[in-house]
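Each residue of the sequence shown is one higher than the one before, counting from 1 in the UniProt record's numbering.
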Amino acid sequence: MAPSHYSAQEAWGLHDRRYGPQSSVAHMMHPPREEEHHDGRLSGLGADSHNRTPVPTGDELRMLRAETEEAKNGLLDAREMVESAQDRAAAATEAAERTRREQQVLVERLRQLETATFGGPQQNESARARAGLGPSRRQRRRQGGVGL
Numbered sequence: 001m002a003p004s005h006y007s008a009q010e011a012w013g014l015h016d017r018r019y020g021p022q023s024s025v026a027h028m029m030h031p032p033r034e035e036e037h038h039d040g041r042l043s044g045l046g047a048d049s050h051n052r053t054p055v056p057t058g059d060e061l062r063m064l065r066a067e068t069e070e071a072k073n074g075l076l077d078a079r080e081m082v083e084s085a086q087d088r089a090a091a092a093t094e095a096a097e098r099t100r101r102e103q104q105v106l107v108e109r110l111r112q113l114e115t116a117t118f119g120g121p122q123q124n125e126s127a128r129a130r131a132g133l134g135p136s137r138r139q140r141r142r143q144g145g146v147g148l
């Protein structure tokens with residue numbers, strides 16, 4: 001808080017020292033000049049010089065705009081790629097489901113044919129076993145038996 005001998009205008013920075021505290025000169029509010037502080041003091045290398053925001057040059061602005069546009073285009077391209085990948089993934093999922101359904105239909109058709117041909121689904125047995133013959137020499141050797 002400002003000491004009590006300051007006026008309210010001085011405490012809030014509304015007082016313009018160029019005209020003095022007793023001045024009755026009515027002046028319009030004006031933006032400070034480049035080298036001037038808000039209360040009329042020259043800023044130069046004083047305490048407030050570090051608060052200045054650097055103003056980009058025209059070339060820097062053009063470069064910033066170009067970089068911004070390039071980043072925006074990159075994001076739009078990425079979005080299109082994501083949407084395309086999502087579309088392809090959905091199509092692949094649909095194709096996989098269709099293939100699974102077709103496979104189920106084929107398995108069911110195979111069972112029907114086995115039933116019509118052999119009287120029921122066939123087990124995984126060799127043609128020799130189905131014909132009532134014993135295992136072949138090779139099968140006996142694999143099973144650890146003695147071959148003739």
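All residues carry an ideal CB built from backbone N, CA and C; glycine is no exception.
Query, Result
"Cβ distance (whole Å) where residue 136 is taken to contact residue 128 below 8 Å", "6 Å"
"Pairwise C-alpha distance: residue 54 and residue 85", "44 Å"
"Start-to-end residues for the alpha helix (DSSP H) that takes in residue 82", "58-118"
"Unbroken alpha helix (DSSP H) run spanning residue 127, endpoints", "127-130"
"Cβ neighbour criterion (16 or more within 10 Å) applied to residue 133", "exposed"
"Own chain, CB closer than 8 Å to residue 143, minus 5 neighbours either side, in chain order", "135"
"For residue 68 and residue 57, the rounded distance between their alpha carbons", "16 Å"
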